[in-house]
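A.B. asks:
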Amino acid sequence: MKKLILVLGGSTFMGKELLQDLSQNESYEVHFINRGKNYWNNAVNQIKNAYYTYGNREDTNDFTTLIRYLSKKLGVGVNGRIWEAVVDFSAFYSSQVKSVYVALRGLCNLYIFISTDSIYDVCKIRKIPITEDQDQRKELTESQKKGESYGHNKLKCEEFLQNYVIEGSFRYVILRLPDVIGPFDDSGRFFALVKWLQQNDKHPIQVDQAVQSEQISLVFSTDVVNCIKYFIQNIPQQNQIYNVCFDETISYIELTQVILDKISQKQLNIKHVVEASKFYPSVDCGIISNKKIKELDIKFTPLITALEKTIEFFMKEASNYEAENKAALEKLNRKLNA
Numbered sequence: 091m092k093k094l095i096l097v098l099g100g101s102t103f104m105g106k107e108l109l110q111d112l113s114q115n116e117s118y119e120v121h122f123i124n125r126g127k128n129y130w131n132n133a134v135n136q137i138k139n140a141y142y143t144y145g146n147r148e149d150t151n152d153f154t155t156l157i158r159y160l161s162k163k164l165g166v167g168v169n170g171r172i173w174e175a176v177v178d179f180s181a182f183y184s185s186q187v188k189s190v191y192v193a194l195r196g197l198c199n200l201y202i203f204i205s206t207d208s209i210y211d212v213c214k215i216r217k218i219p220i221t222e223d224q225d226q227r228k229e230l231t232e233s234q235k236k237g238e239s240y241g242h243n244k245l246k247c248e249e250f251l252q253n254y255v256i257e258g259s260f261r262y263v264i265l266r267l268p269d270v271i272g273p274f275d276d277s278g279r280f281f282a283l284v285k286w287l288q289q290n291d292k293h294p295i296q297v298d299q300a301v302q303s304e305q306i307s308l309v310f311s312t313d314v315v316n317c318i319k320y321f322i323q324n325i326p327q328q329n330q331i332y333n334v335c336f337d338e339t340i341s342y343i344e345l346t347q348v349i350l351d352k353i354s355q356k357q358l359n360i361k362h363v364v365e366a367s368k369f370y371p372s373v374d375c376g377i378i379s380n381k382k383i384k385e386l387d388i389k390f391t392p393l394i395t396a397l398e399k400t401i402e403f404f405m406k407e408a409s410n411y412e413a414e415n416k417a418a419l420e421k422l423n424r425k426l427n428a
């Protein structure tokens, strides 16, 4: 009997890539739940051998009911049948993680929660690069919590898993990702940066001189997918947390120069300002360490190779997508007018 895999979210980018990959493995029966949002005209619900169920996480009780319904329909809980793995791309609040836990405890071998290095922006950082054990909260005012709401809420999701998941109910792996690059990136940030550099003569890239050599952690979407596949195939005996990023880091100036070199032979036009308006990094905490996950002998794509593949997509293919072009231009204009 095939092993059951459930993906929550996954309508585009890493999620779509994971679904396409898993659906080609004859050992798995792959199901996914999301709102059916359409990015890059991807028609993710047409992936062969991946079974789609519409679901909205805004009502957590309804979402718990939906997962229970799907599980019952597939015979989960009968004759030892369980979900081999559940991969969660779309939980942003602890209540959403709790809704999955309530539905799946005792019925799931492994829960993989996709988290972020933004959690370190609300933590006490002792050294750089940041290791996984530096996830203790610092005291924040309500205003600071609001300003760092993404990292604050993602850390609350992690804290639910660490504090409330009863041993034996299921195991979990938390993957903390920095800014992700790759074809079909749905954040619009890389696309907007490419568009900025296409207009670099008129609109210089803004750089804060005080931190212009500051290094940035990034990760390639395909590497994230490969890490997820690794854990599905090698379920750990204990709950684990991993940073997932390239071996190499890069500064913002270096990143823009690599992109510009692919666009034209012109010199990078830079404007030094205080508190520069920029697209990368999205965090203030600093670079993260991937030493722990590298101990698993998982291979990561060289940074320059991943950048070349990403740039090629946004230079050659992305122009064919009207909605994404419009969104990237709007994002760029907001930066230029900030």
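Just so we're aligned, residue 91 is where the sequence shown starts under this note's numbering, counting upward by one. Glycine is no exception: its CB is placed at the ideal position from the N, C-alpha and C atoms. None of the values given here were measured: they were computed from a predicted structure.
What's the C-alpha gap between Ile220 and Ser379?
C.D. replies: Between Ile220 and Ser379, the C-alpha separation is close to 5 Å.
A.B. asks: If you run the structure through DSSP and keep just helix, strand and coil, what is Gln296?
C.D. replies: Reduced to three states, the DSSP call for Gln296 is strand.
A.B. asks: What's the call for Lys152, buried or exposed, on a 16-neighbour Cβ count within 10 Å?
C.D. replies: The sequence shown places Asp at residue 152, rather than the Lys named in the question. Exposed: under 16 other Cβ atoms inside 10 Å.
A.B. asks: Which term fits Tyr144, buried or exposed, when burial requires 16 or more other beta carbons within 10 angstroms of its beta carbon?
C.D. replies: Looking at its Cβ environment, which holds fewer than 16 other Cβ atoms inside 10 Å, Tyr144 is exposed.
A.B. asks: For Ala193, tell me which candidate among Glu257, Lys228 and Thr155 has the shortest Cα-Cα distance.
C.D. replies: Answer by Cα proximity: Thr155.
A.B. asks: Please report how far the alpha carbon of Gly170 lies from the alpha carbon of Arg195, in whole angstroms.
C.D. replies: About 14 Å.
A.B. asks: Can the beta-carbon of Phe274 be found closer than 9 Å to that of Trp130?
C.D. replies: It is a contact, given that the beta carbons lie within the stated cut-off.
A.B. asks: Using alpha carbons as the reference points, say which of Asn329, Lys214, Ala396 and Leu287 lies closest to Leu200.
C.D. replies: Per the Cα distances, Asn329.
A.B. asks: Output the boundary residues of the alpha helix (DSSP H) element that contains Glu248.
C.D. replies: Counting along the chain, the alpha helix (DSSP H) containing Glu248 begins and ends at Ser239 to Tyr254.
A.B. asks: Can you check which of these residues, Gly376, Thr312, Asp374 and Ser409, is closest to Ile388 by C-alpha distance?
C.D. replies: Selected option, being the one with the closest Cα: Thr312.
A.B. asks: Just to confirm my understanding: we take His121, look at its own chain, exclude 5 residues before and 5 after, and list those with CB closer than 6 Å. What are they?
C.D. replies: If we look at His121 and ignore the five residues flanking it on each side, its Cβ neighbours are Leu96 and Tyr141.
A.B. asks: Report the three-state DSSP secondary structure of Cys317 (helix, strand or coil).
C.D. replies: Reduced to three states, the DSSP call for Cys317 is helix.
A.B. asks: Rounded to the nearest angstrom, what separates Trp173 and Pro268 at their Cα positions?
C.D. replies: About 28 Å.
A.B. asks: For the beta strand (DSSP E) that contains Leu358, what are its first and last residues?
C.D. replies: No beta strand (DSSP E) contains Leu358, which DSSP labels as neither H nor E.
A.B. asks: Are Leu265 and Ile306 touching if we call contact CB-CB under 9 Å?
C.D. replies: Not closer than 9 Å, so no.
A.B. asks: Considering just the uninterrupted stretch of the beta strand (DSSP E) at Ser205, what are its terminal residues?
C.D. replies: Its beta strand (DSSP E) spans residues Cys198 to Thr206.
A.B. asks: Sort Cys335, Arg261 and Ile318 by Cα distance to Val309 and report the nearest one.
C.D. replies: Measuring from the Cα of Val309, the nearest candidate turns out to be Cys335.
A.B. asks: In this structure, how does DSSP classify Trp130 when only helix, strand and coil are distinguished?
C.D. replies: Coil, per DSSP.
A.B. asks: Touching or not, the region 287-294 and the region 344-359, by the rule of three or more beta carbon pairs under 8 Å?
C.D. replies: Segments in contact, yes.
A.B. asks: Note the first and the last residue of the continuous alpha helix (DSSP H) segment covering Ala140.
C.D. replies: Premise fails: Ala140 lies in the beta strand (DSSP E), Ala140 to Tyr144, not in any alpha helix (DSSP H).
A.B. asks: In angstroms, rounded to a whole number, what distance separates the CA positions of Ile137 and Lys92?
C.D. replies: So the two alpha carbons sit approximately 18 Å from each other.
A.B. asks: Among Val177, Ser180 and Gln224, which one has its Cα closest to the Cα of Tyr210?
C.D. replies: It is Gln224 whose Cα lies nearest to the Cα of Tyr210.
A.B. asks: Measuring straight from C-alpha to C-alpha, what distance separates Thr395 and Tyr191?
C.D. replies: For Thr395 and Tyr191, the distance between alpha carbons rounds to 38 Å.
A.B. asks: In angstroms with no decimal places, state the Cα-to-Cα distance between Arg216 and Pro326.
C.D. replies: C-alpha separation (whole angstroms): 28 Å.
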